[in-house]
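Below is one structure; the comments refer to it alone.
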Amino acid sequence: MFQIFNWNPHYYNDTEHLPELMPTDLKEFIKLKRDTNEMNTVWVSCQGENPADVENMGPVQYYPKRGFPGFYFPFQNKPGYQSPLVAVFFEKPAIGVLINIECKAWAHNIHHDRAERRGSVHFELMID
């Protein structure tokens with residue numbers, strides 16, 4: 033998604049038309065936003081890939097925000113450009129269990145395909 037020259041996201045900034053597959057907690061988070069600048073965001077969600085992963089993952093926090101602000105787009109490879117970052121903090125993951133996690137980026141023109149790993153990233157978390 034990043035370092036794709038001149039790509040501009042089509043933001044979900046109409047809270048009445050959020051995608052059905054978007055996680056409920058993210059929909060609720062977006063609906064609380066009132067500032068139009070904040071709505072111009074490529075939203076991020078992270079979930080366990082199956083029910084056991086969801087249960088073992090525990091609560092999640094996103095820093096500094098729950099997505100990538102619109103001012104990072106489009107990427108034009110200009111000097112001084114800083115790539116955006118969203119850190120994901122797992123508050124209480126289960127110990128001694130391998131947890132499969134999928135994080136997705138959300139914009140109208142980001143298409144998700146788990147098999148092709150489009151619009152998402154997969155990683156595994158295990159705390160000894």
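Numbering-wise, the sequence shown is residues 33 to 160 according to the working numbering.
Where is the CB? At the ideal position from N, CA and C, for every residue including glycine.
Remember, predicted model here, so these are calculated numbers, not experimental data.
I need the DSSP call for residue i, collapsed to helix, strand or coil.
| i | result |
| --- | --- |
| P101 | strand |
| T47 | coil |
| N40 | coil |
| L58 | helix |
| N109 | coil |
| N69 | helix |
| K136 | strand |
Go to residue i, then tell me how far its beta strand (DSSP E) extends in each direction, as first and last residue.
| i | result |
| --- | --- |
| N141 | Segment: none, N141 is in no beta strand (DSSP E) and carries neither H nor E. |
| S152 | S152 to L157 |
In angstroms, rounded to a whole number, what distance separates the CA positions of residue i and residue j?
| i | j | result |
| --- | --- | --- |
| G151 | D145 | 7 Å |
| F155 | P111 | 31 Å |
| E87 | A137 | 22 Å |
| H49 | C78 | 21 Å |
| M54 | V153 | 15 Å |
| D57 | P91 | 11 Å |
| D67 | E148 | 34 Å |
| D46 | N69 | 13 Å |
| M89 | L64 | 25 Å |
| P41 | P125 | 32 Å |
Residue range of the alpha helix (DSSP H) that residue i falls in?
| i | result |
| --- | --- |
| V86 | P83 to M89 |
Should residue i be labelled buried (16 or more other beta-carbon atoms within 10 Å of its own) or exposed?
| i | result |
| --- | --- |
| I62 | buried |
| Y44 | buried |
| I131 | buried |
| A158 | Note on residue identity: the sequence assigns Met, not Ala, to residue 158. By the 10 Å Cβ count, M158 comes out exposed. |
| A139 | buried |
| I127 | exposed |
| D160 | exposed |
Using a Cβ cut-off of 8 Å (strictly closer), state whether residue i contacts chain C.
| i | result |
| --- | --- |
| V118 | Among the chains in the structure shown there is no chain C, since it carries only a single protein chain. |
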